[in-house]
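In the numbering used here, the protein residues as written are 63 to 164.
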């Protein structure tokens, strides 16, 4: 995907997170994330592996470790992926009625 097309399909909050130097390779960025131990669910952007299309709803593999850097939560999975949570689903939201299900 060309850089211009990527820029137009990525929400501004994700683009801002992509500019942060986390000091480790990021696999992808999640919007409207839901913490559902032992996994996360969310809308994915910037997947470097090519597994997920922009804006797809995903479930991560099991979370092994959490980091907090520059106001972001980063999650390392058992598969070695590193996800940056850009935003969480608002507390009290009905994730099914609001179509924020994953």
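For each residue, glycine too, the CB sits at the ideal point set by N, CA and C.
For residue i, list the residues DSSP reports as bridge partners.
| i | result |
| --- | --- |
| residue 128 | 137 |
| residue 82 | Paired residues: none, contrary to the question. |
| residue 147 | 92, 135 |
Look up residue i in the DSSP assignment and say whether it is helix, strand or coil.
| i | result |
| --- | --- |
| residue 76 | helix |
| residue 71 | helix |
| residue 122 | coil |
| residue 101 | strand |
Tell me whether residue i is buried or exposed, calling it buried when 16 or more other Cβ atoms sit within 10 Å of its Cβ.
| i | result |
| --- | --- |
| residue 103 | buried |
| residue 75 | exposed |
| residue 123 | exposed |
Please list, in chain order, all residues of the same chain as residue i whose beta carbon is under 6 Å from its beta carbon, the five residues on each side excluded.
| i | result |
| --- | --- |
| residue 152 | none |
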